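This report concerns only the one structure given below.
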Amino acid sequence: VSLTVRTQAAKGLRAADRGGTSDPYAVLHLQGAKNWERKTKTLFKTINPVWGEDFSVTCLLGQALEKPLTIAIFDDDVVSADDLLGTARLDLTSILGPFCTTGGQGYKLKLPVTIGKGRKAAPPTAGKPIAP
């Protein structure tokens, strides 16, 4: 199966730097797919980053379903360790399950993931399938 994950945006992140902003970047990790990991670019001085970056992974369907997709947002720090701003885990079983019953035909799915302020994350919510 080939998955494309779009890291669209985050809103209202915790301000981790002086001046009331952060320097956020997101790290996506899919452990079941041979520890696939990707990182967005860092956007400076914002608590409402818009990345709009796509990442693709090709793996066996069983590997994709084995572990959740983890998304972590960090504040980039030059002098000290980067600060964790929030995390979310997305169970791909509910998303890829319908794929298993479509005879292998692909479809696109718009899936917003909400990460709450600070270290507490709201659970991700699934969107509806959209036309290819």
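Take the position in the sequence shown, starting the count at 1, then add 124; the result is the number in the working numbering.
Where a beta carbon is used, it is the ideal one built from N, C-alpha and C, also for glycine.
What you are looking at is a predicted structure, and each value in this text was computed from that prediction instead of being measured.
Member of the options whose CA lies at the smallest distance from the CA of residue i
i           : options            : result
residue 178 : 204, 186, 165      : 165
residue 212 : 185, 151, 126, 188 : 151
residue 220 : 210, 205, 159, 193 : 193
residue 207 : 127, 132, 145, 189 : 145
residue 136 : 148, 217, 176      : 148
residue 180 : 214, 153, 218, 204 : 153
residue 218 : 204, 190, 201, 197 : 190
Residue i, DSSP secondary structure in three states
i           : result
residue 242 : Residue placement at residue 242 is flagged as unreliable, the pLDDT there being 42, under the threshold of 50; the coordinate-derived value follows with that caveat. Here residue 242 sits in coil by DSSP.
residue 145 : coil
residue 197 : strand
residue 164 : coil
residue 154 : strand
Beta strand (DSSP E) segment containing residue i, residue limits
i           : result
residue 176 : 174-182
residue 126 : 126-133
Residue i: first and last residue of the uninterrupted alpha helix (DSSP H) it sits in
i           : result
residue 189 : 185-190
Residue(s) in a DSSP beta bridge with residue i
i           : result
residue 211 : 196
residue 217 : Paired residues: none, contrary to the question.
### Task
Take every Cβ of the stretch 179-192, pair it with every Cβ of the stretch 133-149, and state whether three or more of those distances are shorter than 8 Å.
no
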